[in-house]
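Each residue of the sequence shown is one higher than the last, beginning at 11 in this note's numbering.
The beta-carbon is built from N, C-alpha and C at its ideal position, and this holds for glycine as well.
Following: one structure in structure tokens, then a few remarks.
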Amino acid sequence: MRFLLLSGALLVSVHLIGQTYEMLEWGEVPSEQLAMTSYNLDSTAQAVVLADQGVTDVRSLDDGTYSAVTYRHRRVKILSEAAIDKYGNAAIYYYHEGGTDHLRRVNAQTIAPDGTITKVGKKEIFHEKINEYWSKATFGFQQVEVGSVVEYSYQLYSKRLLAPDEWAFREEIPVQSSYYKFTCSVPLAYTYLLRGAEYMDRQVTPDKKERITLGDMTILVDGTEFWMQNGQALQDEPYITTLEDYFVKVRFQCSEQYHRDGTKNSVFGTWEKTCQELLDDNNLGHYFTKPRHSKRLVEVADLAIDASLPQQEVLANIQSFVTQEITWDGTLGKYADKTPDKAYETHTGSTAEVQYAGIALLRHFGFKAYPLLVSTRDNGAVITAFPFLRQFNYVIILVETDKGLKLMDMTNPLYKPGIIRQRALNRVGFLLKAENPTFIDLQLPVFQDRYAFNGTVQEDGTVAVEMRSVQRAYSALADRTTLNKEAGAVESIWSDRLPTGTAIATINLENEGDVQQPLKVNTTFTVEGAAFVNDDLMYLSPILYSEFAENPLVSEQRTFPIDFTYPFEEKLIYSYQIPEGYTTESLPEAAKISLPDGDATYQYQVREASGKISIISVLKVKKRFYLPTEYAALRTLFATAAQKMQEQIVFRKNS
11 MRFLLLSGAL LVSVHLIGQT YEMLEWGEVP SEQLAMTSYN LDSTAQAVVL ADQGVTDVRS
71 LDDGTYSAVT YRHRRVKILS EAAIDKYGNA AIYYYHEGGT DHLRRVNAQT IAPDGTITKV
131 GKKEIFHEKI NEYWSKATFG FQQVEVGSVV EYSYQLYSKR LLAPDEWAFR EEIPVQSSYY
191 KFTCSVPLAY TYLLRGAEYM DRQVTPDKKE RITLGDMTIL VDGTEFWMQN GQALQDEPYI
251 TTLEDYFVKV RFQCSEQYHR DGTKNSVFGT WEKTCQELLD DNNLGHYFTK PRHSKRLVEV
311 ADLAIDASLP QQEVLANIQS FVTQEITWDG TLGKYADKTP DKAYETHTGS TAEVQYAGIA
371 LLRHFGFKAY PLLVSTRDNG AVITAFPFLR QFNYVIILVE TDKGLKLMDM TNPLYKPGII
431 RQRALNRVGF LLKAENPTFI DLQLPVFQDR YAFNGTVQED GTVAVEMRSV QRAYSALADR
491 TTLNKEAGAV ESIWSDRLPT GTAIATINLE NEGDVQQPLK VNTTFTVEGA AFVNDDLMYL
551 SPILYSEFAE NPLVSEQRTF PIDFTYPFEE KLIYSYQIPE GYTTESLPEA AKISLPDGDA
611 TYQYQVREAS GKISIISVLK VKKRFYLPTE YAALRTLFAT AAQKMQEQIV FRKNS
């Protein structure tokens, strides 16, 4: 986070760290851009942002009021038919409630490869309300074809001085150039935060300017000027939060107001002050700090829960009681409309109402329990620099126990202490604790799933197998969720996972209804054609099941982090009786691969002894978050695992 005080009228500078940014001229597209048929840095790009330029000036208007005036000019090159529908239309969003924003001077036009210009008429720009706060102006460009350049510009006058709109530099298509400048000519101080570039290389020049790089992409920072060049496209990939978290954005926040007498006052408070305000709120803190709101709930819980049991059992029983008595209605948010007693009376509640009822009970039974405000993964990363409350849309619970700190989520009866909704696992949460409000890393231990297969290979290549599996945490939760919706679905679950040609003979579950225990599955089945017989040789593909039989990291390169949600380990143990009348011709080779710090490992062991072949495959990811610089090594690790799981054992028939 950077702090700055801007005063006096500032002119837009176009000189950044030895490079000159040329301000766009309306309709003047360089001939080489009109002639472009593909983008040299990304031949697969369907479109490319040639330039996106924005300048925001916080200034005084003629009527003496302050306004944040943003001028934007955007230009996109269409490179394929598929891009016409998406980029042949545009939408500009603005905040209409209370007359806060005014959109002015909207211009749009299409420039054909031969330079012909087709303008969008004023009557072809449509305004519509999205909800009670936001509106959008939409329009379609005319005569758009492959090779066209579309551009639009507008001015936005906004009274939202505390937090003007963010500027996003990266997008789902390549961005050749994106420039943004923030100026202020009124007595206000602003801070800014540049997000999404934390994992890039930074160099500080002798004159305190910055050059941020990742591959061909460069971001130049000079005071409050930002210029990104050669921004790579951001495509949806496995293991992300929401794609917008990686766009690279700059956000400005008003921090102080200066007065003529030289004094100043803070515009926004501190996290400590914000925490206290929330704890004093009638629709938040009062619901779990004031016992009068949970009298009936406590009375019933005292009859159902034995407080003399060991602490961990009491904790589990409280969670079970709340999840059974108050059904989550699917509503997110941090504020509650119902008291804990009212939620118990109606047997339904929002996220906040369920969790605050849980906190009230936990405190009644002697636990130190606190709300933890989070932003769900699809809602975006949490900004810790400023006390923004709008970003929090979910609540979980932090409990102090004799076994250490424990995260809890009472919105689902299939959860247990230590398991929270996956979409809420978004790196950090804000702890509402009066004496020490702080941000907590949402760290979880490595959860291991274990699968043991004992197989016999028959002469025709059919394999008869006994399998025992032990699933913990989120894999157990996923299967229990399916079983909860459809009784007896375990056979279809495993039929889908095992190879084509599998015939399940018997299957049974252990701990299906006991969420405190791992979910166990015991089954016997045969796989026809698991081994291929060719003359005197038999080829067996021994790995019948793995979540990672295929490499999930498909892209050769990745320019943003990998977020696995939680650490995990998959352990596979296979044992095969050597088929009668055969000897082993060849076995797969052992393998061991590890990231430099051991943050992810894969081991593949194979041996033959006493007429059996044993294989142990262990894939372990020890942390959730990996930088783009670690992607190549991580991808190689997963590729190695997938390759080893495809390798075969070869048997030769005895003479």
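Residue i - containing beta strand (DSSP E), residue span
| i | result |
| --- | --- |
| Arg114 | 111-121 |
| Tyr549 | 547-550 |
| His137 | 136-139 |
| Gly241 | 235-241 |
| Arg490 | Looking at the DSSP string, Arg490 is not in any beta strand (DSSP E); the run it does join, the alpha helix (DSSP H), is 483-495. |
| Ile222 | 220-224 |
| Asp211 | 211-214 |
| Glu161 | 159-168 |
| Thr148 | 144-150 |
| Asp451 | 448-451 |
| Gln186 | 185-194 |
Residue i, buried or exposed, once every other Cβ within 10 Å from all chains shown has been counted against 16
| i | result |
| --- | --- |
| Ser565 | exposed |
| Pro577 | buried |
| Leu230 | buried |
| Met11 | No answer about Met11 holds up, because its pLDDT of 38 lies below 50 and its placement is not dependable. |
| Leu415 | exposed |
| Gly98 | buried |
| Gly18 | Confidence in Gly18 is poor, its pLDDT being 31 and thus under 50, which makes the residue's placement unreliable; the coordinate value appears in the next sentence. With fewer than 16 Cβ atoms within 10 Å of its Cβ, Gly18 is classed as exposed. |
| Ile140 | exposed |
| Thr30 | exposed |
| Gln213 | exposed |
| Gln526 | exposed |
| Leu16 | With a pLDDT of only 38 at Leu16, under the threshold of 50, the placement of this residue in the model should not be trusted, and no figure is reported. |
| Trp144 | exposed |
| Gln329 | buried |
| Lys495 | exposed |
| Asn275 | exposed |
Test item: CB-CB of residue i and residue j under 9 Å
| i | j | result |
| --- | --- | --- |
| Ile623 | Ser596 | no |
| Gly225 | Gln567 | yes |
| Ser556 | Gln658 | no |
| Thr333 | Tyr425 | yes |
| Arg387 | Thr252 | yes |
| Val467 | Ala559 | no |
| Lys630 | Thr611 | yes |
| Gln114 | Leu198 | Before going on, a small fix: residue 114 reads as Arg here, not Gln. No. Outside cutoff. |
| Gly109 | Leu44 | no |
| Glu569 | Leu244 | The residue you asked about is not Glu; residue 569 is Thr in the sequence shown. Contact flag set, yes. |
| Met227 | Gly241 | yes |
| Phe402 | Val409 | no |
| Glu138 | Phe149 | no |
| Arg69 | Ser195 | yes |
| Asn532 | Arg478 | yes |
| Gln587 | Gly621 | yes |
| Ala9 | Gln56 | Given that the chain is displayed from residue 11 to residue 665, the structure contains no residue 9 and the question cannot be resolved. |
| Met170 | Asp111 | Reading the sequence as shown, one finds Arg at residue 170 and not Met. The answer is yes: Cβ separation under 9 Å. |
| Thr356 | Lys344 | no |
Where the alpha helix (DSSP H) through residue i begins and ends
| i | result |
| --- | --- |
| Ile407 | Unbroken run through Ile407 is the beta strand (DSSP E), 404-411; no alpha helix (DSSP H). |
| Tyr200 | Looking at the DSSP string, Tyr200 is not in any alpha helix (DSSP H); the run it does join, the beta strand (DSSP E), is 198-205. |
| Glu501 | 500-507 |
| Lys305 | 305-314 |
| Ser1 | Beyond the ends of the chain as shown, which are 11 and 665, falls residue 1; an answer cannot be given. |
| Ala362 | 361-374 |
| Ser276 | Run containing Ser276: none in the alpha helix (DSSP H); it sits in the beta strand (DSSP E), 274-276. |
| Leu289 | 281-289 |
Cβ distance (whole Å) where residue i is taken to contact residue j below 8 Å
| i | j | result |
| --- | --- | --- |
| Leu382 | Gly439 | 4 Å |
| Tyr190 | Gly390 | Wrong, their Cβ atoms sit about 19 Å apart, outside the cutoff. |
| Val59 | Val86 | 5 Å |
| Gln481 | Asp489 | 6 Å |
| Val260 | Arg180 | About 12 Å; that fails the 8 Å criterion. |
| Ala314 | Ile336 | At roughly 13 Å, the Cβ-Cβ gap does not stay under 8 Å, so Ala314 and Ile336 are not in contact. |
| Pro427 | Leu325 | 5 Å |
| Lys129 | Gln119 | 5 Å |
| Val543 | Leu554 | 18 Å between Cβ atoms; not a contact. |
| Ile369 | Ile407 | 6 Å |
| Asp573 | Arg634 | 6 Å |
Chain D within 9 Å of residue i, Cβ atoms only
| i | result |
| --- | --- |
| Leu629 | Although the question refers to chain D, the structure presented lacks it and comprises just one protein chain. |
Uninterrupted beta strand (DSSP E) stretches inside the stretch 617-646 (no shorter than 3 residues) = 622-631
Entirely enclosed beta strand (DSSP E) segments - the stretch 519-574, minimum 3 residues = 529-537, 541-544, 547-550
Would you mind listing the alpha helix (DSSP H) stretches within the stretch 49-122 that are 4+ residues and don't spill past its ends, in chain order?
-> 92-97
Quick one: which unbroken beta strand (DSSP E) runs of 3-plus residues sit fully inside the stretch 248-276? Chain order, please.
-> 259-268, 274-276
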